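Under this note's numbering, read the sequence shown as residues -5 to 240, first letter to last.
The beta carbon of each residue, even a glycine, is placed where N, CA and C say it ideally should be.
Just so you know, these numbers come straight off a predicted model, no measurement behind them.
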Amino acid sequence: MFTSYTNGHYHGVAKKNYFKRALGALSAGALPQKCVACGQESFGGVFCLTCKVLAGETDHFSVERNETLSRMTLRCELEFAAALGIFTKGGPYQSLLHKLKYRGVFTLGFKEGRRFGIKYMQMSTIPKADIIIPIPSHWRRKLKRGYNQAEIFAKGIERETKIPIRTDVLRTRLGIVSQTTKKREERMNRTYDRFLCVNPKGVAKKRVLLVDDVLTTGATAEAAITALNMKAIKKIQLGLLALAMN
Ligand SMILES: [Zn+2]
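Laid out in structure tokens, this is it:
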């Protein structure tokens, strides 16, 4: 497991970090020991120091009017929006999301969720949400993968914030249709009514932190918010693992 440690390349540093990593592994299951982007020693983190710098930390938790919020402004009204990192082509967050999506390395998403949760709790200006709702993934993709990566990210946030997750509120409309052609699927993906609020009682008068893995155009988030907004919801906040940049 600690291959670089046994290789003896990092004598002093490795000894120092051994306990830190062992503790981390205990608290979050099998953690990646290598940077998910470049494969170098990451000392228990998702990224190594180089990739951490490359990935860039956003200032979204301290700057209220940030890039994530402004991308959503024309689409809907949000109380707060933040992304942990920036998704660029070939960048560290692309590797991370790829591993999350296709390799089933769900501990990464959980770990990033915990990091989001810590930053979220440190904010003093934004009221905290009552519930966390991960944006549901397409039923067929979920079937193939076995899990929804937004939900894994949300679980990490829940661990740090103690705000409960609700997965019984939003459903994809496609999940109800059993026979869909690819064309129909593509058409449905573009529409505003992709999601249904199947449990209005679950959101009435509640402050909701809506969570997803990556935000591109904002159309998916808008569709989820539209479904929630039809109910007597209090306020909506948006939490993301990464914001995609062109
Ligand atoms: Zn790296």
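Simplified DSSP state of residue i, which is helix, strand or coil
{"i": "VAL47", "result": "helix"}
{"i": "GLN173", "result": "For GLN173, the predicted model reports a pLDDT of 41, less than 50, meaning its position is unreliable and no value from the coordinates is stated."}
{"i": "GLY18", "result": "With a pLDDT of 47 at GLY18, under the threshold of 50, the modelled position of this residue cannot be trusted, and the question is left open."}
{"i": "GLN231", "result": "strand"}
{"i": "ALA226", "result": "coil"}
{"i": "ARG160", "result": "coil"}
{"i": "GLY6", "result": "In this prediction, GLY6 has a pLDDT of 41, which is less than 50 and means its spatial position is unreliable; what the coordinates show is noted afterwards. Helix."}
{"i": "ILE219", "result": "helix"}
{"i": "ALA213", "result": "helix"}
{"i": "LEU72", "result": "coil"}
{"i": "ALA305", "result": "Given that the chain is displayed from residue -5 to residue 240, the structure contains no residue 305 and the question cannot be resolved."}
{"i": "ARG59", "result": "coil"}
{"i": "LYS199", "result": "coil"}
{"i": "LYS95", "result": "helix"}
{"i": "ARG165", "result": "strand"}
When the options are compared against residue i, the one with the closest alpha-carbon
{"i": "PRO86", "options": "CYS42, ALA75, SER64", "result": "CYS42"}
{"i": "GLY216", "options": "ALA236, ASN193, MET239, ASP187", "result": "Before going further, note that residue 216 is Glu rather than Gly in the sequence given. When only C-alpha atoms are compared, the closest one is ASP187."}
{"i": "ARG247", "options": "MET239, THR82, LEU72", "result": "The first residue shown for the chain is -5 and the last is 240, placing residue 247 beyond what the model contains."}
{"i": "GLY233", "options": "PHE110, THR67, CYS45", "result": "PHE110"}
{"i": "VAL208", "options": "ARG160, LYS105, GLY38, PHE147", "result": "PHE147"}
{"i": "ALA76", "options": "LEU68, GLU61, THR82, LYS83", "result": "GLU61"}
{"i": "THR248", "options": "VAL47, MET239, LYS122, GLY212", "result": "Since the first and last residues shown for the chain are -5 and 240, residue 248 lies out of range."}
{"i": "TYR114", "options": "PHE81, PHE74, PRO128", "result": "PHE74"}
{"i": "ILE112", "options": "THR82, LYS156, THR101", "result": "LYS156"}
{"i": "LEU164", "options": "PHE55, THR214, PHE37, LYS46", "result": "THR214"}
{"i": "PHE189", "options": "LYS200, LYS199, MET224", "result": "MET224"}
{"i": "CYS191", "options": "LYS28, THR210, LYS199, ASP162", "result": "ASP162"}
{"i": "VAL47", "options": "PHE55, GLY103, SER36, SER56", "result": "SER36"}
Near ligand 1: residue i beta-carbon under 7 Å from a heavy atom
{"i": "ALA31", "result": "yes"}
{"i": "CYS45", "result": "yes"}
{"i": "PHE74", "result": "no"}
{"i": "PHE81", "result": "no"}
{"i": "PHE41", "result": "yes"}
{"i": "GLN88", "result": "no"}
{"i": "GLN27", "result": "no"}
{"i": "GLN143", "result": "no"}
{"i": "GLN34", "result": "yes"}
CB-CB length for residue i against residue j, believed under 8 Å
{"i": "ASN197", "j": "ILE227", "result": "Note on identity: in this sequence residue 197 is Val, with Asn being the wrong assignment. Going by Cβ atoms, the distance from VAL197 to ILE227 rounds to 5 Å, so yes, they are a contact pair."}
{"i": "ILE125", "j": "VAL202", "result": "6 Å"}
{"i": "ARG108", "j": "GLU154", "result": "5 Å"}
{"i": "LEU288", "j": "ILE230", "result": "In the structure as shown, the chain starts at -5 and stops at 240, and residue 288 therefore has no counterpart that could be examined."}
{"i": "THR166", "j": "PRO130", "result": "5 Å"}
{"i": "GLY79", "j": "THR44", "result": "About 14 Å; that fails the 8 Å criterion."}
{"i": "GLU106", "j": "GLY39", "result": "GLU106 to GLY39, Cβ: 10 Å. No contact."}
{"i": "VAL325", "j": "SER118", "result": "As displayed, the chain neither begins before -5 nor continues past 240, which places residue 325 out of reach and without an answer."}
{"i": "PHE81", "j": "LEU91", "result": "7 Å"}
{"i": "ILE120", "j": "ARG160", "result": "About 20 Å; that fails the 8 Å criterion."}
{"i": "LEU94", "j": "GLN34", "result": "Not really, about 19 Å apart at Cβ, beyond 8 Å."}
Opening and closing residue of the alpha helix (DSSP H) in which residue i lies
{"i": "GLN116", "result": "100 to 116"}
{"i": "PHE147", "result": "143 to 155"}
{"i": "SER131", "result": "Segment: none, SER131 is in no alpha helix (DSSP H) and carries neither H nor E."}
Limits of the beta strand (DSSP E) - the one that residue i falls within
{"i": "GLY38", "result": "Where GLY38 is concerned, there is no enclosing beta strand (DSSP E), given that its DSSP letter is neither H nor E."}
{"i": "CYS42", "result": "Unbroken run through CYS42: none, as it is neither H nor E."}
{"i": "CYS32", "result": "CYS32 -> no beta strand (DSSP E), and no H or E assigned at all."}
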